[in-house]
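Just so you know, the protein sequences line up as chains A and B, in that order. Numbering-wise (numbering that gives the first Met the number 0), the first sequence opens with residue 0 and increments by one. Numbering-wise (numbering that gives the first Met the number 0), the second sequence opens with residue 0 and increments by one.
2 protein chains.
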Amino acid sequence: MAQRPSKGARLKDVAARADVSIKTVSNVVRGQVRVAEPTRQRVLRAIDELDYRPHASARHLRTGRSGVIALAVPELVQPYFAELAAAVIAAAAESGVSVLIEDTGGDPAAELSAACGLSDPLIDGVLLSPQHLDQNALARRERRVPLVLLGERDYEVPADHVLVDSVAAAREATAHLLALGRRRVAAIGFQNNPPHATSQQRARGYHEALHAAAVPYDPELTPPVGDFSRTEGAAAMRALLALPEPPDAVFCFSDLLASGVLRAAYDHGLRVPQDLAVVGFDDIEETRFCVPSLSTVAPDKPQLARLAVQALLGRIAGDPDAPHTTRHATHRLVRRESSTLPTAG
Amino acid sequence: MAQRPSKGARLKDVAARADVSIKTVSNVVRGQVRVAEPTRQRVLRAIDELDYRPHASARHLRTGRSGVIALAVPELVQPYFAELAAAVIAAAAESGVSVLIEDTGGDPAAELSAACGLSDPLIDGVLLSPQHLDQNALARRERRVPLVLLGERDYEVPADHVLVDSVAAAREATAHLLALGRRRVAAIGFQNNPPHATSQQRARGYHEALHAAAVPYDPELTPPVGDFSRTEGAAAMRALLALPEPPDAVFCFSDLLASGVLRAAYDHGLRVPQDLAVVGFDDIEETRFCVPSLSTVAPDKPQLARLAVQALLGRIAGDPDAPHTTRHATHRLVRRESSTLPTAG
DNA sequence: CCGCTTTCTTACAACGTTGTAGACCGTTCT
DNA sequence: AGAACGGTCTACAACGTTGTAAGAAAGCGG
Numbered sequence: 000m001a002q003r004p005s006k007g008a009r010l011k012d013v014a015a016r017a018d019v020s021i022k023t024v025s026n027v028v029r030g031q032v033r034v035a036e037p038t039r040q041r042v043l044r045a046i047d048e049l050d051y052r053p054h055a056s057a058r059h060l061r062t063g064r065s066g067v068i069a070l071a072v073p074e075l076v077q078p079y080f081a082e083l084a085a086a087v088i089a090a091a092a093e094s095g096v097s098v099l100i101e102d103t104g105g106d107p108a109a110e111l112s113a114a115c116g117l118s119d120p121l122i123d124g125v126l127l128s129p130q131h132l133d134q135n136a137l138a139r140r141e142r143r144v145p146l147v148l149l150g151e152r153d154y155e156v157p158a159d160h161v162l163v164d165s166v167a168a169a170r171e172a173t174a175h176l177l178a179l180g181r182r183r184v185a186a187i188g189f190q191n192n193p194p195h196a197t198s199q200q201r202a203r204g205y206h207e208a209l210h211a212a213a214v215p216y217d218p219e220l221t222p223p224v225g226d227f228s229r230t231e232g233a234a235a236m237r238a239l240l241a242l243p244e245p246p247d248a249v250f251c252f253s254d255l256l257a258s259g260v261l262r263a264a265y266d267h268g269l270r271v272p273q274d275l276a277v278v279g280f281d282d283i284e285e286t287r288f289c290v291p292s293l294s295t296v297a298p299d300k301p302q303l304a305r306l307a308v309q310a311l312l313g314r315i316a317g318d319p320d321a322p323h324t325t326r327h328a329t330h331r332l333v334r335r336e337s338s339t340l341p342t343a344g
Numbered sequence: 000m001a002q003r004p005s006k007g008a009r010l011k012d013v014a015a016r017a018d019v020s021i022k023t024v025s026n027v028v029r030g031q032v033r034v035a036e037p038t039r040q041r042v043l044r045a046i047d048e049l050d051y052r053p054h055a056s057a058r059h060l061r062t063g064r065s066g067v068i069a070l071a072v073p074e075l076v077q078p079y080f081a082e083l084a085a086a087v088i089a090a091a092a093e094s095g096v097s098v099l100i101e102d103t104g105g106d107p108a109a110e111l112s113a114a115c116g117l118s119d120p121l122i123d124g125v126l127l128s129p130q131h132l133d134q135n136a137l138a139r140r141e142r143r144v145p146l147v148l149l150g151e152r153d154y155e156v157p158a159d160h161v162l163v164d165s166v167a168a169a170r171e172a173t174a175h176l177l178a179l180g181r182r183r184v185a186a187i188g189f190q191n192n193p194p195h196a197t198s199q200q201r202a203r204g205y206h207e208a209l210h211a212a213a214v215p216y217d218p219e220l221t222p223p224v225g226d227f228s229r230t231e232g233a234a235a236m237r238a239l240l241a242l243p244e245p246p247d248a249v250f251c252f253s254d255l256l257a258s259g260v261l262r263a264a265y266d267h268g269l270r271v272p273q274d275l276a277v278v279g280f281d282d283i284e285e286t287r288f289c290v291p292s293l294s295t296v297a298p299d300k301p302q303l304a305r306l307a308v309q310a311l312l313g314r315i316a317g318d319p320d321a322p323h324t325t326r327h328a329t330h331r332l333v334r335r336e337s338s339t340l341p342t343a344g
């Protein structure tokens, strides 16, 4: 009955109570080693009575596994990343793993530091959703923490990747707008300076769809943006509306861009979808409640999260030098009000 | 030069390189104990050369502090909680603390389990944003993990609280609508069955404002909701629109409710703010980009997060039996398009 | 030059866990 | 009957860190 004041029970306490050795309790807890049934029952009862919980850090120290993975996203407040994070937390919980969230702010240094396992080795592995990550720096990273990248594949970063097929998705979204009879189909999400992979892939899908429909590419319809935010979306839309011949449809590379577009269209007195059809990308929750509701490309986020967690756990358990894999999550085009009507006139 | 393959350096390695004892390195790292300057420099150089990082779990095992706190929220995908989480992560980072996020789904059992320090004692303390938490169960919780509650104060839960003054905030929001000349001011967010504290507080502020303006309370204008989601907001608004005398203004207890209201109003052909003025609560980012942009009560989330982290760290470091404190974060009413115009007719 | 303090450094044990190697038991085989 | 064998269980050491207590070196007054 020598209970220490206000502290959790240890293997030692359980062992004393069940009258077995510490190691036997450990064996029961972990279930790897055979323990005779009567002994096992006795231990289980003691565990229950003392409300024993394994000490994660002690275990980590001994085994080198902490059961904690990090998820580094550019900005948790962006709904897409919040939804992704929730999906990752759920997927990790299925495997008994906790998730430590890092908000990199899209800062290359912070992303690199996250890729290197944050400030301390508590982490078993890292899921990184990079934004401005310098892949050369990443290639040189020394501390080899298991790493899985969420998002487009830039050149040859030495890591596993999990992503949706952005090219196909963008192609489908653009084709959908063209199928409505729209001919001045703009795309918002092109980037100039550091042309991030995501932007490039979606731009490629856009081009492919135009080409397939024999619609010539008009560079005026693809104003560059700095990031995928509402503000940039609204600004890009205003630029498009200033054109002599403004678009009758817009494919946005993110739902936030699309949200900004809706806002700018409203300010300009344009009706969506009559005057302007809009399709976004990400299927964040609010797209269902926008006015009008927003058509969008919906990546299967739960699947994406599961694939990512699986890949990471596999990498943690397996050979760190195994060849890098790329897995694709599925997506589908969700048609809502913002792209319902065929061309008006 | 006996570097172990692909592992981080330990105190031992640094000590060997700097030709001092392990403990001296530890003293340099932690900076608590005086170390002679030349020795210190030598150690620092060795630390730098070997890229030493302290092993968090070993430290935790020894000291009982892990440097990790948990944040348990009902639903991370709700923008308010995502924004709150981001603020907490930032505030925690200022104190060198990492944040483990738990998504309780609003489930009472999950909330209680979070309040008890999750599944293992990795956690130094818990920030809990309860939704359906049973305060009796909480009062009985045995494992006494330092706990700070974010949100309204229910009865006498034995824990520190950090919150905004919901009564005052709701009063201001309602008064603002009344000041526009609106007289049929509805409130969406009343709850029937388990009347959660948040709902009660905001309802009280609403009542107080009506009373101060000598506007009689009409129960028809406060339809009950199940939660604070867009769906419920839209449903409640539809119910209000079916009234013989529908409202000319709505105060919503959350921005999501308000977003649903905007949607329902749009479907019904109502113009906002001309026919219906709307004010929300939370100031989530999208309120600035809604169509029309949404007036709302903006809690100071960074401050809220800082206060909460401070309170928790204080509780962790201090006396667990010190009297419980309640701290208030400030808020302000943000006026946007949805509540700009005085009564039309 | 001695003894004393002061300043700096070190050896040791412990935090709670698990892998290794071996002890002990009853059973089966020769 | 003795040897060999599974099946259970246990003692011990180690993971990387820090608190304690004690050791060594240096400075000082007498």
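Backbone N, C-alpha and C fix where the C-beta goes; we use that ideal spot for every residue, glycine too. In this text the structure is predicted, and so the values were computed from the model without any measurement.
| task | Anything in chain B within Cβ reach of Val-98 of chain A, meaning under 8 angstroms, just list it in chain order. | result | Residues of chain B passing the Cβ test: Leu-99 and Ile-100.
| task | For Phe-80 of chain B, collect the residues of the same chain with a Cβ closer than 8 angstroms to its Cβ; drop the 5 residues on either side in sequence, then sort them by chain order. | result | Val-72, Pro-73, Glu-74 and Ser-128
| said: Rounded to whole angstroms, what is the Cα-Cα separation between Pro-223 of chain A and Pro-246 of chain A? | reply: 15 angstroms
| Cα separation between Val-27 of chain B and Val-308 of chain B? | 27 angstroms
| query | Leaving out the 5 sequence neighbours to the left and right, which residues in its chain are closer than 7 angstroms to Ser-20 of chain A when beta-carbon positions are compared? | reply | Ala-14
| request: Spell out whether any CB of chain B is found under 8 angstroms from the CB atom of Met-0 of chain A. | output: The pLDDT assigned to Met-0 of chain A is 44, lower than 50, so where the model puts this residue is not dependable, and the model offers no usable value.
| request: Determine, using beta carbons only, whether Thr-272 of chain B comes closer than 8 angstroms to chain A. | output: With the sequence shown as reference, residue 272 of chain B is identified as Pro, and Thr is not the correct amino acid for it. Taking Cβ atoms only, chain A never reaches closer than 8 angstroms to Pro-272 of chain B, which makes this a no.
| query | To which residues of the same chain is Gln-200 of chain A closer than 6 angstroms at the C-beta, ignoring the five residues directly before and after it? | reply | Glu-151, Ser-165 and Val-166.
| query | Between Tyr-79 of chain B and chain A, is there a C-beta pair that is closer than 8 angstroms? | reply | no
| query | From the beta carbon of Glu-219 of chain A, is the nearest beta carbon of chain B less than 8 angstroms away? | reply | no
| If we ignore side chains and look at the alpha-carbon of each, how far apart do His-327 of chain B and Val-163 of chain B end up? | 5 angstroms
| field | Contact set between the stretch 180-213 of chain A and chain B, restricted to residues whose Cβ is under 8 angstroms from the partner | value | none
| said: Here's the rule: buried if 16 or more other CB atoms are within 10 angstroms of the residue's CB, otherwise exposed. What is Gly-30 of chain B? | reply: exposed
| request: Determine the burial state of His-195 of chain A: buried for a count of at least 16 other Cβ atoms within 10 Å of its Cβ, exposed for fewer. | output: buried
| said: Can you tell me where the beta strand (DSSP E) holding Glu-101 of chain B begins and where it ends? | reply: DSSP places Glu-101 of chain B in the uninterrupted beta strand (DSSP E) bounded by 97-102.
| field | Any chain A beta carbon closer than 8 angstroms to Gly-124 of chain B | value | no
| task | Using the Cα positions of Ile-68 of chain B and Asp-266 of chain A, report the straight-line distance between them to the nearest angstrom. | result | 44 angstroms
| request: Compute the distance between the beta-carbons of Val-333 of chain B and Asp-282 of chain B, then report whether it is under 8 angstroms. | output: yes
| For Tyr-387 of chain A and chain B, any beta-carbon pair shorter than 8 angstroms? | Residue 387 of chain A is absent from the structure shown; chain A starts at 0 and stops at 344.
| task | Compare the C-beta of Tyr-51 of chain A against all C-beta atoms of chain B and say whether one is closer than 8 angstroms. | result | no
| Cα-Cα separation between Ala-57 of chain A and Leu-49 of chain B, rounded to whole angstroms | 25 angstroms
| message | I need the DSSP call for Phe-80 of chain B, collapsed to helix, strand or coil. | response | helix
| query | To which residues of the same chain is Glu-171 of chain B closer than 6 angstroms at the C-beta, ignoring the five residues directly before and after it? | reply | Counting only Cβ-Cβ distances below 6 angstroms, and skipping sequence neighbours, we find Leu-332.
| query | If we cut at 8 angstroms on Cβ distances, does Leu-340 of chain A have a partner in chain B? | reply | With a threshold of 8 angstroms between beta carbons, Leu-340 of chain A makes no contact with chain B.
| Residue closest to Pro-347 of chain A, alpha-carbon to alpha-carbon, out of A:Leu-303, A:Arg-183 and A:Val-260 | There is no way to answer for residue 347 of chain A, as the model of chain A reaches only from 0 to 344.
| field | Glu-336 of chain B at chain A interface by Cβ criterion, 8 angstroms | value | no
| message | Which residue wins for smallest C-alpha separation from Ala-393 of chain A, given the options A:Thr-295, A:Asp-123 and A:Phe-189? | response | Chain A is shown from 0 up to 344; residue 393 of chain A falls before or after that span and cannot be answered.
| message | Using only the alpha-carbon positions, how far apart do Thr-173 of chain A and Pro-145 of chain A sit? | response | 37 angstroms
| said: Taking the alpha-carbon of Asp-217 of chain B as reference, which of B:Arg-183, B:Leu-177, B:Ala-304 and B:Thr-286 has the nearest alpha-carbon? | reply: B:Arg-183
| field | Three-state secondary structure (DSSP) of Arg-326 of chain B | value | strand
| said: Could you give the first and the last residue of the continuous beta strand (DSSP E) run that contains Ala-71 of chain B? | reply: 67-72
| said: Please give the ranges of any beta strand (DSSP E) in the stretch 262-296 of chain A, keeping only runs that are unbroken, at least 3 residues long and fully inside the region. | reply: 276-280
| request: Just the chain B side, please: which residues come within less than 8 angstroms of Val-76 of chain A by C-beta, in chain order? | output: Chain B residues near Val-76 of chain A: Pro-78, Ala-81, Glu-82, Ala-85 and Glu-284.
| query | Is the Cβ-Cβ distance between Ala-113 of chain B and Glu-101 of chain B less than 8 angstroms? | reply | yes
| Proximity winner among A:Ala-263, A:Ala-169 and A:Leu-43, relative to Met-236 of chain A (alpha-carbon distances) | If you compare the alpha carbons of A:Ala-263, A:Ala-169 and A:Leu-43 with that of Met-236 of chain A, the shortest gap goes to A:Ala-263.
| Does DSSP put Ile-187 of chain A in a helix, in a strand, or in coil? | Strand, per DSSP.
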